[in-house]
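Here's the structure we're looking at; comments come further down.
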Amino acid sequence: MKKQNKKSLLNLIESVSKNIRNNIDNTMELDSKVIISKEDLNDIIFLVRLCSNLNDSNSIPKLAEDFDIKLGTLNGLMSGKRLRFRTKTLTGLLDDIELFANMKLTDEDNISVNNNSDSDES
Numbered sequence: 172m173k174k175q176n177k178k179s180l181l182n183l184i185e186s187v188s189k190n191i192r193n194n195i196d197n198t199m200e201l202d203s204k205v206i207i208s209k210e211d212l213n214d215i216i217f218l219v220r221l222c223s224n225l226n227d228s229n230s231i232p233k234l235a236e237d238f239d240i241k242l243g244t245l246n247g248l249m250s251g252k253r254l255r256f257r258t259k260t261l262t263g264l265l266d267d268i269e270l271f272a273n274m275k276l277t278d279e280d281n282i283s284v285n286n287n288s289d290s291d292e293s
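One point on numbering: in this note's numbering, the residue at position 16 of the sequence shown is 187, and numbering is uninterrupted.
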């Protein structure tokens, strides 16, 4: 994959994740649970499927292991039938997705595709 494509894909993942986080923050209930919208649910499913393609594995159990999330929770997400989740579960999943994408989309020579890295300017 070209470096520019990797950068664009990483930016897309981070942007979608940030948007979902904002929506979670705005709808969190008193018991630290959140009812997510169908749109956010579809975006999370998109991110999970994208990561499964980056990992060359479409195995939901493998993804649950990669993201350190209960298989039942991930199945609930992927089926689209469950809309109420613990906020910590969803934000943790988004953290893992971003970390996973960074690992998979960073060049092998350890040069990050992220433009926010500090450079030596003297």
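Backbone N, C-alpha and C define an ideal beta-carbon position, used for all residues, glycine too.
Q. Across which residues does DSSP place Val219 in a beta bridge pair?
A. For Val219, which the question treats as bridged, DSSP gives no partner whatsoever.
**Q.** Which residues DSSP lists as bridging Lys173, in chain order
**A.** In the DSSP output, where bridge partners are listed per residue, Lys173 has none listed.
(Q) Classify Met172: buried if its beta carbon has 16 or more other beta carbons within 10 angstroms, exposed otherwise. (A) Label assigned to Met172: exposed.
Q) Taking three-plus beta-carbon pairs below 8 angstroms as touching, is the region 185 to 199 in contact with the region 265 to 279? A) By the Cβ test, the region 185 to 199 is in contact with the region 265 to 279, since at least three Cβ pairs between them sit closer than 8 angstroms.
Q. Using a Cβ-Cβ cut-off of 7 angstroms (strictly less than) and excluding sequence neighbours within five positions of Ile206, which residues of its own chain qualify?
A. Scanning its chain for C-beta atoms nearer than 7 angstroms, with the 5 sequence neighbours on each side dropped, one finds around Ile206 the residues Thr198, Leu254 and Arg255, in chain order.
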